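For the sequence shown, position 39 matches number 38 in numbering that gives the first Met the number 0, and the numbering has no gaps at all.
We put the beta carbon where it would ideally sit given N, CA and C, even for glycine.
Computed from a prediction, not measured in an experiment: that's the story for all the values here.
Presented below is the structure to which this report refers.
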Amino acid sequence: MVIARTIQELKEARASLKGSVGFVPTMGALHQGHLSLIQRAKEENDGVVVSVFVNPTQFLEGEDLDAYPRREEADRLICERAGVDILFMPTIDQMYEKDELCIGAPAIRGYILEGEKRPGHFDGMLQIVMKLLNLTQTTRAYFGKKDAQQLALVMQMVRNYFLNVEIVPCEIVRDEKGLALSSRNAYLSSEEKERALCLSRSLKRATKMVMAGELDAQKIRSEMLEVLKEADEVEYVAIVDRAFRAIEKVEIGDTIILVAAWVGKPRLIDNIWI
Ligand code: AMP
0 MVIARTIQEL KEARASLKGS VGFVPTMGAL HQGHLSLIQR AKEENDGVVV SVFVNPTQFL
60 EGEDLDAYPR REEADRLICE RAGVDILFMP TIDQMYEKDE LCIGAPAIRG YILEGEKRPG
120 HFDGMLQIVM KLLNLTQTTR AYFGKKDAQQ LALVMQMVRN YFLNVEIVPC EIVRDEKGLA
180 LSSRNAYLSS EEKERALCLS RSLKRATKMV MAGELDAQKI RSEMLEVLKE ADEVEYVAIV
240 DRAFRAIEKV EIGDTIILVA AWVGKPRLID NIWI
């Protein structure tokens, strides 16, 4: 495995990969969720590139940029064992200059839900993903459905800017109790980890209701809020179509139910595609 820390090293290593290449962008502190994306990229391509970069422009003032877990050595071992060809771990200086040209998230879809609570987050996310896609020049790039709105916006950017890469959505990986894996779960105490299960439980409750024929979004939302009482604060429960428009009735095959809530220190998100 080549570890590239500069753009030049990345370009040289990339030029030596032949055939199709899959790319998995991450912020590191790799877990089984990231690994599932890497494994899928490995299965579907001749070569795999992974990036680990805690991107400062997608953190807002006062968010956990400095505290965000960094585990460079463990990440390197995980990638090595998974058969990754290139691990790109750049410094901030490599990725950004001062007073940059910026990409803006779309006016409506970029500023609802995650974008409403974290205004500017998606601008920074799209900016770094654009840079990484251009640098890595891969056939496919793998994104988790865990960050459903991020996935939708990356797909839109690829469409709007005619980027030559296929975006592959990947299923959410959970622990044995149902908690969606996240690098931020590292902030949870064991008591909080138990309470954090209310996010996935609320989504399970919603799925059960839909399976029993209840399609009314209001009713589903209020049941979910009951389950979410275990969280310290619920930021949103949203029932939207695949284009992220709020809907009144669940339509099977075109609905995403999303939740964001605080449990202890971290703000957690989860969702289910129905
Ligand atoms: P992050 O390091 O949190 O920026 O995540 C990097 C990529 O891994 C994103 O595409 C995430 O959606 C994806 N990811 C993170 N957690 C999970 C999970 N539990 N299951 C599937 N994909 C995930």
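| Item | Value |
| --- | --- |
| CB-CB under 6 Å to Y186, same chain, minus the five flanking residues each way: which ones, in chain order? | K264 and P265 |
| Pick helix, strand or coil for K248, following the three-state DSSP scheme. | strand |
| Under 7 Å Cβ to Cβ from S285, same chain only, skipping five residues before and after it: list those, please. | Residue 285 lies beyond the residue range present for the chain, which begins at 0 and ends at 273; the question has no answer from this structure. |
| Between D122 and T56, what straight-line distance do the alpha-carbon atoms span, to the nearest angstrom? | 8 Å |
| If we count the other Cβ atoms within 10 Å of its Cβ and call it buried at 16 or more, is I77 buried or exposed? | buried |
| When the Cα of I256 is compared with those of D240, G109 and V262, which residue comes out closest? | D240 |
| From this set, C101, M208, R108 and A73, which residue's C-alpha is nearest L34's C-alpha? | A73 |
| If I follow the unbroken alpha helix (DSSP H) through D122, where does it start and stop? | H120 to T135 |
| Can you give me the Cβ contacts of L132 inside the same chain, cut-off strictly under 7 Å, excluding the 5 residues immediately before and after it? | A140, L162 and V164 |
| Assuming W261 contacts D231 under a Cβ cut-off of 8 Å, what Cβ separation, rounded to an integer in Å, is found between them? | 5 Å |
| So is the beta-carbon of G32 under 6 Å away from any non-hydrogen atom of ligand 1? | yes |
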